[in-house]
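Following the UniProt record's numbering, the numbering of the sequence shown begins with 1 at its first residue and continues without gaps.
All C-beta atoms, glycine included, are put in the ideal place defined by N, C-alpha and C.
As structure tokens, the structure follows; a few thoughts come after it.
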Amino acid sequence: MSALLASWDKEIDFLCGVGPTTDPRPELTPTCMLSACLTCHCDLSELPAPKGGEWASDTSCPGCGRWYFVMGRPQPSSLDCHAGSGSEADREPSGSKKNSLRNFGREVLEELLGPACVKRERREWARYPMSAPVVGVPLDADGRPICEAIALTLLNISEGGLSAMARQAIPGNAIVIDFASAGCPSFQKIGRICWCETAHGITKFGCEFRDPSSLTETRTGVDSTP
């Protein structure tokens, strides 16, 4: 009789098209905190990473000024200061604007899978199917959090973007993905949501890693099926 009962995990896999997945590097340890700053290596290990169901706010590294989203209620003065500027995690050196979309996901891809992982296949980004916990912070067009952070399951990732699923709707046009719970603390990427579909209470979406200045672009190709 038990064999006839539906498995919730199998149902989720069916709804989200989860098949064979790529395992992250075994030495990665999930955490709920940031670690060292990715720019100046300043110790940020006392800062809590965004958490599903809790508000997130931005804070800057005391060593270099690079800023991160952390768990905490947003402060209006902080948001006004950074409005429209996005996360320093996604900024490129001056003069590299032409190729700014090319390598946005490279550092987190190499952290998850190792530096030897294939980045491109047949002139396209190599996409790796995964099943790893991450956290998303939905943003408005000015880079402000618009609701509590959302617990996500990473479904696949490439240099150019990722797709993920949640057990709730995903509001807004842009989202910051925090990878601490996947074992990559301090790794955060801004993505523009390209498509989104909801069925049976499960929302699946895809986003492109973007330059923060592009957050004002409108959301296109979104399927808001209830």
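- Between L109 and the set T39, R73, G183, A166, the nearest pair of CA atoms involves G183.
- Every beta strand (DSSP E) stretch that sits fully inside the UniProt domain "PilZ" (121 to 214) and reaches 3 residues is listed by chain position as 128 to 139, 150 to 157, 161 to 166, 174 to 178, 188 to 199, 202 to 209.
- The bridge partners DSSP lists for D23 come to none.
- Within the same chain, R167 come within 7 Å of G201 by CB-CB distance, once the 5 residues on both sides are set aside.
- Per DSSP, the continuous beta strand (DSSP E) segment holding V70 begins and ends at 67 to 71.
- Within 10 angstroms of the beta-carbon of P115 lie fewer than 16 other beta-carbons, which makes it exposed.
- Residues L34, C37 of the same chain have their beta carbon placed closer than 6 Å to that of L44, with the five preceding and five following residues left out of the count.
- Taking C-beta separations shorter than 7 Å and ignoring five residues to either side along the sequence, the partners of R106 in its chain run K119, E159, following chain order.
- A buried status is given to P138, since no fewer than 16 other beta-carbon atoms sit within 10 Å of its beta-carbon.
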